[in-house]
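A short write-up of the structure that comes next.
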Amino acid sequence: MTDGGRTMLALTMGDPAGIGPEITAAAWHALRAGDGPAFVVPGDVALLSAYAPVRAVADMAEAASVFPDALPVLPVDLACPARPGQPDSANAPAITGSIARAVRLAQAGQVAAVVTNPISKLVLKQAGFRHPGHTEYLAELCGVAGQEVMMLACPELRVVPVTIHMSLRRALDSLTTAEIVRCGRTAAAALRRDFAIATPRLAVAGLNPHAGEGGVMGDEEGTIIGPAIDALRAEGIAVTGPWPPDTMFTPPARARYDLALCMYHDQALIPLKTIDMAGGVNVTLGLPIVRTSPDHGTAFDIAGQGVADPSSLLAALRLADDMACNRGTA
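What follows is the structure in structure tokens.
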């Protein structure tokens with residue numbers, strides 16, 4: 001959805017005790033008078049009023065018209081007042097309700113994409129939330145549970161971890177050829193559709209030091225990862241590997257691929273956040289809607305102090321705009 005040439009996005013509230021409210025306000029200040037995307041927040045009016053001029057709105061037409069002058073908010077009331085740095089699981093229904101409302105807006109074509117502020121998995125779990133995180137909850141809301149893939153992106157690197165929010169021991173046991181193929185296939189399709197890369201190049205990381213060095217340091221490259229690479233190539237996807245994980249993120253190596261397919265969470269996220277923490281964006285692939293998010297958490301330790309950096313949120317908003325334009329939903 002666009003208004004006057006500006007893409008309209010939905011930005012969720014996130015955990016109200018974290019830095020979400022203040023980076024939301026900072027993003028509004030940065031974008032309200034420019035030519036970038038505009039956004040509406042399903043969230044608590046009183047909470048956001050502490051950080052920016054706010055106007056409660058009833059629909060998207062009103063939201064688009066007020067964005068240059070005030071932060072448009074679709075009211076989602078908190079159960080109790082939020083205190084910076086002191087999360088309360090009583091507000092979990094409002095947090096998840098904000099996400100659900102944003103998804104409904106995207107499904108109805110009223111916004112071009114969903115951008116999510118950080119949540120606390122622990123806070124939601126204490127309230128009975130049964131999903132490991134945003135990614136899995138969004139997939140369920142969109143009716144594609146099990147098809148979701150997490151990608152982290154910055155201008156210098158894109159990464160997809162095959163196993164995500166689980167212990168390293170469990171990740172090693174969970175890694176399968178079929179899951180590598182699923183993630184690679186979804187990533188290649190997303191690079192074509194959402195990033196306008198006609199022939200995506202995937203680099204697949206090894207699991208072990210030196211990519212196993214011929215089985216001397218582990219055989220998963222031969223028994224699990226190699227067959228997945230063969231299967232992806234058989235589907236016409238340009239894929240190389242398995243690459244030694246300790247050398248595949250250097251600048252010369254990164255120039256040879258469009259996305260790194262990694263075997264576990266930290267193998268993917270450490271290099272990306274080291275290269276560009278401020279500009280990193282979390283993207284959920286495999287959904288019928290566009291979804292992005294900052295690559296950081298709630299930062300309860302600095303919430304309410306006015307020092308939170310909105311750079312990653314701004315990058316997420318701008319990438320959502322670009323993806324929506326490429327996909328044709330803007």
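Residues 1 to 330 (the UniProt record's numbering) are what the sequence shown spells out, left to right.
All C-beta atoms, glycine included, are put in the ideal place defined by N, C-alpha and C.
Since this is a predicted model, take the numbers as computed values, not measurements.
Exposed unless 16 or more other CB atoms sit within 10 angstroms - verdict on residue i
i	result
P252	exposed
T292	buried
Q86	exposed
A196	exposed
residue 378	The displayed coordinates of the chain run from 1 to 330. Any statement about residue 378 would go beyond what the structure contains.
D266	exposed
P132	exposed
R169	exposed
V54	buried
S167	exposed
P288	exposed
T24	buried
A198	exposed
A10	buried
Whole-Å CB distance - residue i paired with residue j, under 8 Å assumed
i	j	result
M248	A203	6 Å
P294	L313	5 Å
P242	E221	5 Å
V8	A70	Strictly speaking, residue 8 in this sequence is Met, with Val absent from that position. At roughly 15 Å, the Cβ-Cβ gap does not stay under 8 Å, so M8 and A70 are not in contact.
D194	V103	Not a contact, Cβ separation roughly 17 Å.
V123	D15	6 Å
P244	G206	6 Å
P118	G279	Between G279 and P118 the Cβ distance is about 16 Å, and since that is not below 8 Å, they are no contact.
L90	C80	With the sequence shown as reference, residue 90 is identified as Ala, and Leu is not the correct amino acid for it. That belief holds up - the Cβ atoms of A90 and C80 are roughly 5 Å apart, short of 8 Å.
P200	A188	5 Å
A50	H29	Not quite, the Cβ-Cβ distance comes to about 14 Å (not below 8 Å), so this is no contact.
L261	P37	Going by Cβ atoms, the distance from L261 to P37 rounds to 29 Å, so no, they are not a contact pair.
Residue i to residue j span [Cα, whole Å]
i	j	result
T284	A324	13 Å
residue 332	A315	No answer is possible for residue 332: it lies beyond the span of the chain, which begins at 1 and ends at 330.
F39	N208	43 Å
F67	R6	11 Å
I19	A308	7 Å
A238	M277	28 Å
V181	A17	39 Å
T96	A190	26 Å
D219	P227	12 Å
T250	D258	13 Å
L172	L272	21 Å
A82	M13	12 Å
D35	I225	44 Å
A56	A106	19 Å
E62	C142	26 Å
H134	G286	14 Å
G146	A255	31 Å
T298	K121	10 Å
T176	P84	42 Å
A330	Y137	24 Å
L157	L269	10 Å
R101	A27	20 Å
A108	M60	11 Å
P310	D322	18 Å
- Taking three-plus beta-carbon pairs below 8 Å as touching, is the segment 104 to 121 in contact with the segment 146 to 153? Counting Cβ pairs under 8 Å, fewer than three are found: no touch.
- Message: My parser needs the alpha helix (DSSP H) runs of 4 or more residues fully inside the segment 246 to 310; what are they?
- Response: Entirely contained in the segment 246 to 310, the alpha helix (DSSP H) runs reaching 4 residues are, in chain order, 251 to 254, 265 to 276.
- Could you tell me whether the segment 296 to 309 touches the segment 155 to 171, using the rule of 3 or more Cβ pairs below 8 Å? Contact between the segment 296 to 309 and the segment 155 to 171 is absent: fewer than 3 CB-CB pairs across the two stretches fall below 8 Å.
- Task: Any chance you could list the alpha helix (DSSP H) runs of at least 4 consecutive residues sitting entirely within the segment 18 to 92, in chain order?
- Result: 20 to 31, 45 to 49, 60 to 66
- Item | Ordered list of beta strand (DSSP E) runs contained in the segment 143 to 180, each at least 3 residues | 149 to 154, 157 to 161
- Count the C-beta pairs between the segment 43 to 51 and the segment 75 to 93 that are closer than 8 Å, then say yes if the count reaches three, no if not. yes
- Message: Taking contact to mean 3 or more Cβ pairs, one atom from each stretch, closer than 8 Å, check whether the segment 231 to 238 and the segment 127 to 146 are in contact.
- Response: no
- Message: Report the start-end ranges of each beta strand (DSSP E) in the segment 182 to 222 that is 3 residues or longer and not cut off at the edges.
- Response: You should have 201 to 205.
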